[in-house]
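As they're listed, the protein sequences go chains A, B and C.
When we follow our numbering, the leftmost residue of the first sequence carries the number 619, and every step to the right adds one.
When we follow our numbering, the leftmost residue of the second sequence carries the number 1092, and every step to the right adds one.
When we follow our numbering, the leftmost residue of the third sequence carries the number -4, and every step to the right adds one.
The C-beta atom is built at its ideal place from N, Cα and C for all residues, glycine as well.
Bear in mind the structure is a predicted one, so any value in this text is a computation, not a measurement.
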Amino acid sequence: MQTLKNIEHDRMTGLKVLVIGGGVGGIRAALDLAESRRNVILIDTSYSIGGLMTRLDRTFPTNNCDLCTVSPHLSESSRQVYLDLKPMTRLETLTGEAGQFKATLVTEPRYIDMEKCTACGECYKQFPGAVRFTPGLDPRAPTCMRYPQATPYAFSIDMDKVTDIKALQKVCKADAILAQDQQQTAVVDVASVVLSMGAELFAPAVLEHFGGGRFDNVVTTLEYERIMSASGPFQGDLVRVSDRKRPKKVAWIQCVGSRGINKGDVPYCSSACCMISLKEAMVTKERFAENIETTIFYMDMRTFGKDYELYLDRAKNDYGIRMIRSRPHSIVEEAGTKNLAITYALEDETLQKTEEFDMVVLSVGFRVPGSSVDLARRIGVDLNAHDFIRADHFNPVVTSRPGVYVCGVAQSPKDIPETMVQASAAAGMAASNLPAAVDLPETELDFVPEKDVSGQAPRIGVFICDCGLEIGGVVDVGKMVEFSKAQPQVVVAKAVGYGCSSESMLLIEEAVKGNDLNRVVIGGCSPRTHETKFQDLLRRSGLNKYLVEIVNLRDQNTWTHMNQPKEALDKSFHLLSAGISGVAKNRPLMDQTLPMSRNALVIGGGVTGMTAALQLADQGVKVYLVEKNSTLGGLAKSIRRTIEGEDVGLFMARLAEQVSVHKNIMVLTDTIIVDHSGVPGRFKTGLQTGLRMNYMQVDHGVTIFAVGALPNRPDAYGLGIHQGIVTQLELDAVMEDHPEKIKAMSQVVMIQCAGSREPENPNCSRVCCQAAVKNALRMKTLNPDLEIFILYRDIRTYGFYEDYYRQARNMGVHFIRFSLDNKPEVWIENDRISVFTEDGILGRKIQFEPDCLALSTGMKADDETTEDLAMMFHLPRTGDHFFLEDHVKLRPVDMSVRGIFIAGTARSPKTIPESITEAHAAACRAQALLAKKEINLGAAVAKVDGTKCAACLICVRACPFSIPFINEDGYSQIDPAQCRGCGVCAAECPAKAIQLLAFEDDQIMAKVDGLFGGLN
Amino acid sequence: MITAEQKPLEEIIAYIEPYDRIFLVGCNECVTVCAAGGRKEVGLLASALRLNSMKQGKTIEIKEITLERQCDPEYVEELASDINRTDAVLSMACGCGVQTLAGRYKEMPIFPAVNTLFMGASESQGIWAERCRGCGDCLLGITGGICPVARCSKSLFNGPCGGTCSGKCEISPEVDCAWCLIWERLKALGMEKRYEELMEAKDWRPSGGGGPRKIVRKDLVL
Amino acid sequence: MKNFEPEIVAFCCHYCAYTAADMAGSKRLSYPPNVKIIRVPCTGKVDALHMMRAFEKGADGVYVAGCLEGDCHFKNGNTRAGQRVAYVQKILEDLGIEPQRLEMIMMSAGMGERFARTAFEFTEKIRELGPCPVKPIKK
């Protein structure tokens, strides 16, 4: 299929983007680029792709296995045109500059010809020592992804372990083993590079006090995942390694190797581990037994992500997970039982306690592998103090070398959603080194016109693969051919060897044309992997692609019943019969397509909206940027400096200037949205603009919501009643405009979580801990004698912000903890502020009389704005009124309505660099949609027969996506552009007025009939 | 809407036991909406009856059809061409539909497959509740839009009986006391005074007490 | 009855059970060949009529295999299917057919072992029950 690559397109661009690292971040970036019709090379040093995520059992916060959701709607052919996957490959050198790099790629020998390999696994079975195969360890990567071919069936040969190459070659019926395979070096032209190497997890074997890897029942969080996983060492049974018994008490120890300064430690926070441990503890209770006692030992519980605080609340309140704020020094193994003793101290008690656990899980964080450091040095990309890729302070996907971008854990420790956001952002940035997407020529493959088969009686051709011995070795293909020939309406039946090989495909094509066939059955492997391939074949043969049916004779028959050949043959008759009677009912279907409006509407003129608008405009997209206030800038305007000391005002002024003068951006200030209609790719939105509120309507293919959030001003701790009581934002302004005031102060108190993590606003505002530390550090610089006390609940300086937290402590900033049920009190007497708080160490209340009390008030959603827009655009919101993305893990900037994206603080509280990253991510996802002239919606959509509809409303109520409505003519109408094709409405309709195309009732019934037809 | 529920299979099977060729007739109106006798229920019942006959070791032929409305003679006429090739008709419509069929096809045994229950409204998907008894003299205008005839277990007219308790009727904690609802609603409307006014004994003749009812619209009669 | 080989139809969701079945194949896990799969885009598409049809045509057992609770690609198609299965079980019971012949099963795409085990367990269960009391009459 690679030969189909469009020559014209190659000539036009000549350039590709190189993505390094095949974890979720790299896959996301590569697919985003391919979806927007950019050529991508995805390389990984491993012989399969999937990265760390594929080894997780389930992911938070949904506790689901989600990997399959990552893949976009991308047809096999266009994926093959744009995406070039090179496992076992590394980037050796990178010369030249952005837009015209020369990349030297070195590919290690696999000793297997991937073109010939059928992934039968025979070599692995017979030479398990010499053949490597990842799916055995984790089956998800190749099978769960929607496009299994994107992840080569990961067989490779370890030539050092091969003793008899002839014998190995002999077992391969496809003749795919290349004994002479050699390391290959290629130089390719690339316009830009995306680094997504990820990281390793810390191996705690160096920690003697935790057993140094010798204790059977001490595992890492990742090992615990593997134990719980259905594909893990105990088939998903949670048992102890030592005695295979179900543990009754499991403990997690947080920050193992992270946030430390001792042997083996790194000083930064690994960001994701708190949530991972919470998830594991919850899944333990949920899946295995309520009564397993789960305990988490932690320093600060860092659940700062979107709705993560609610997850923590659930863990504590609903699941009864025990949380102990203590960092245990060591683990002692009991000799006989192999139980584990942990000694710890509680905050409010002076005595130490010792407790025994059946299992201890070490929550280990991320480490940069040496190979990433080497790569960065080879290609001249700067590293930071912790050896992660050094990133731009405003745009964290930009590295020190122009044209090279970074995403995911290679840049800083983070969880999957943030990796996804950065991956899309990096993809978007990388694409900006290529010609604009809208200028690319269409590359859809040209097929011959479709023959009209309506009204023709079915003329069916049945083609049966032997797949080498995979099918043919178990059942007699000849008998299946004979059987098929005898079925009604079958005109030809043939054995075709490897049906998916190019010779066989040609043979089938000729048979279709020569016999005037109008339906095709392929007896072979799974339609999941090969349907699109044969659909393309039908199109080449002049038939509608929905006139083919794939009968799964291999994966679901000969592979599972290889020891019962007689029964397998009988079953293949049944399956073929079902396929034949089913295909007779197949109808030609049109994929739903709509011409695309290539304009974008960006709502919100803050830092997020402006960044997204600029990125799209630079790619040739016409952007309407709508801001309800009279100037651009949003909330970021009131922030003066970032924690790194960057001047935000200057940055914002430049951004606003660029946006205002851009020829592709129409800035509409004083503008509100008043109505909205249309379908993805063809939206129409009504605006009222200017002082006179003139009405105008804009056409746009995509919408980006960047409406931001509001600074919270809770009625708490005396805010607003004394001029010395301010928010962190106000303090920021004082420092910038009146540093003399800071110099005149002798004591400052800060209170964290003011109005956040409380019942009325339960989530964490994320930015306040670093903001408090930032302001404290700046005050200390201005006035080193100033006493600063920060009263906090958990310090959440995730990632590298931990460095600033440590710096603040080193500079003498005092941190005093309080709890929600014992909050500080603020009194004002004779115009003096008094703050009282309980000191856990002293065990009594202490009093401050600060010159300034700064409250970390964080952000809250702009309820009014998000409510109005949510109603108009049919978008879901969270309980605390932020917009709710389509998939919290894997599609963080996509909304459930296609063509609508969110970014910035409209999604959840975040910092300026994080908002900028999301803006780029949303712009990239939007571009992927805009890259096509038409929007293809597939054919499996629900269709209503108005004459049968009783307007009973069940489809309206039952549709999971609220698509059907009762139209003016009084019957149900389902917009094919919005239907997702689940078929729930069709199955519920009491009037049988709805059919799901491609899965109509008569097709399913015909298959049922076929299964039993004439065989009983 | 008229609501109905499928009869127990056993009863339906007993009706059609003597026959080999059944005309199973659904209706695309109320019984479709309340999932008792639309095209889908016709399919399911046909399937169940076929399974039953297989179990008995006999062959049964079921012809399925769903009429737009079984209570109108024109729609019922659609059966005429095939009726002679069947032995009995099984109707999944309400009683009105069954009788329309019986009136038209006098030679043919006609059996009901559903029990017609009440005039009701959909509370939410899958739940229907009685709202009207067709008493012929609507009181909703003075009872705050809540019907004491249909919704009070005793059809009381002047406030609740002693069986009301915390807003529920004594017959079941699931059943709201209609008079509590009426009171709350009148209060919300600022019409508490209405509640004080005594209602006279109701004339039950328009509700059927005077024999079968009929509407004749002279202007519409052709 | 020991030699009785039941006919079993499994309606499998493309996103989970069908994938799990493929996975059972690629791992060469054996399960009884009695189980034959019909692929659907979501178990939410499986109509009560389809389940009944399978029994009419001679199935001894039928199961609908969808995604894990909360894991449906279409939000709740699997729970809708579960409710329908319960409804059809009642019809079967009224007809004197053991309702256990119909079942709703949930699994994720990664659960090849579970697919194989379920297929085995269900087949054994039906084998215990014996042939469906209703069989198409041979012409």
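Item	Value
Cutoff 9 Å: B:Asn1143 Cβ touching any chain C Cβ	yes
Whole-Å CB distance - B:Val1122 paired with B:Met1210, under 8 Å assumed	About 13 Å separates the two Cβ atoms, so there is no contact after all.
Status (buried if at least 16 other CB within 10 Å, exposed otherwise) for B:Trp1270	buried
Nonlocal neighbours in the same chain, by C-beta distance under 6 Å from A:Ser889, ignoring five residues either side	Pro1031, Lys1032, Tyr1416 and Gly1417
CB of A:Leu1614 within 9 Å of CB of A:Lys1561, strictly	yes
Closest by C-alpha distance to A:Thr921, when choosing among A:Gln1174, A:Pro1380 and A:Leu1400	A:Pro1380
Rounded separation between B:Ile1153 and A:Ala1104 - CA only	30 Å
Closest Cα partner of B:Gly1227 within the set B:Gly1302, B:Glu1132, B:Arg1112 and B:Val1133	B:Gly1302
Endpoints, beta strand (DSSP E) assigned at A:Val874	Lys867 to Val874
Cβ contact (3+ pairs, closer than 8 Å) linking the region 1238 to 1253 of chain A and the region 1181 to 1201 of chain A	no
Beta-ladder partner(s) of A:His1505, from DSSP	A:Arg1509
Beta-carbon spacing of A:Ala1604, B:Asn1119 below 9 Å	no
The region 897 to 907 of chain A contacting the region 1472 to 1479 of chain A, beta-carbon criterion three pairs below 8 Å	no
Strand pairing of A:Gln801, partner residues [DSSP]	Its beta-bridge partners do not exist; DSSP assigns none.
Local Cβ density within 10 Å of A:Thr955, reported as buried at 16 or more and exposed below that	exposed
Chain C contact for A:Val1037 (CB, 9 Å cutoff)	The amino acid occupying residue 1037 of chain A in the given sequence is Thr; Val does not appear at that position. Chain C, which has no Cβ nearer than 9 Å to the Cβ of A:Thr1037, makes this no.
Sub-9 Å separation of C:Phe110 and C:Tyr26 beta-carbons	yes
Any C-beta of chain A under 9 Å from that of B:Glu1261	no
Helix, strand or coil at A:Pro1658 [DSSP, three-state]	This structure cannot settle anything about residue 1658 of chain A, because the visible part of chain A is limited to 619 through 1634.
Closest by C-alpha distance to A:Arg1396, when choosing among A:Lys924, A:Ile845, A:Gln1370 and A:Ala1426	A:Ala1426
For A:Leu1207, the nearest candidate out of A:Ala1557, A:Thr707 and A:Lys734 (CA to CA)	A:Ala1557
A:Glu927 versus A:Cys1382, A:Val1431, A:Tyr1589 and A:Pro1594, residue with shortest Cα-Cα distance	A:Cys1382
Proximal chain A residues relative to B:Gly1129, where beta-carbon distance stays under 7 Å	Ala1568, Pro1608 and Ala1609
Chain-ordered neighbours of C:Pro36 on chain B, where CB pairs are closer than 7 Å	Correct list: empty, because the minimum Cβ distance to chain B is about 19 Å.
Among A:Pro1402, A:Asn1133, A:Leu1309 and A:Ala1537, the one whose alpha carbon lies nearest that of A:Gly1326	A:Ala1537
Run of the beta strand (DSSP E) containing A:Val1279, from where it starts to where it stops	It is not in any beta strand (DSSP E) - A:Val1279 instead sits in the alpha helix (DSSP H) that spans Val1266 to Val1279.
Secondary structure of B:Gly1253, DSSP reduced to three states	coil
Bridge partner(s) assigned by DSSP for A:Ala1218	A:Val1241 and A:Val1320
Close Cβ partners of B:Gly1258 (< 7 Å) along its chain, the five nearest in sequence each way excluded	Asp1267, Cys1268 and Cys1271
Cβ separation of A:Glu1127 and A:Cys738, assumed to be a contact under 8 Å, to the nearest whole Å	Actually they are not in contact, since the Cβ atoms of A:Glu1127 and A:Cys738 sit about 25 Å apart, beyond 8 Å.
9 Å Cβ cutoff, B:Glu1275 in contact with chain A	no
Rounded Cβ spacing between B:Thr1157 and B:Arg1130 (contact assumed at less than 8 Å)	4 Å
Opposing strand residues paired with A:Trp1445 [DSSP bridges]	A:Ser1452
CB contact below 9 Å: C:Ile32 versus chain E	Reference to chain E is not applicable here, since the protein chains of this structure are A, B and C.
For A:Ser1248 and A:Leu709, the rounded distance between their alpha carbons	49 Å
Residue environment, A:Leu1309, which counts as buried when at least 16 other CB atoms sit within 10 Å	exposed
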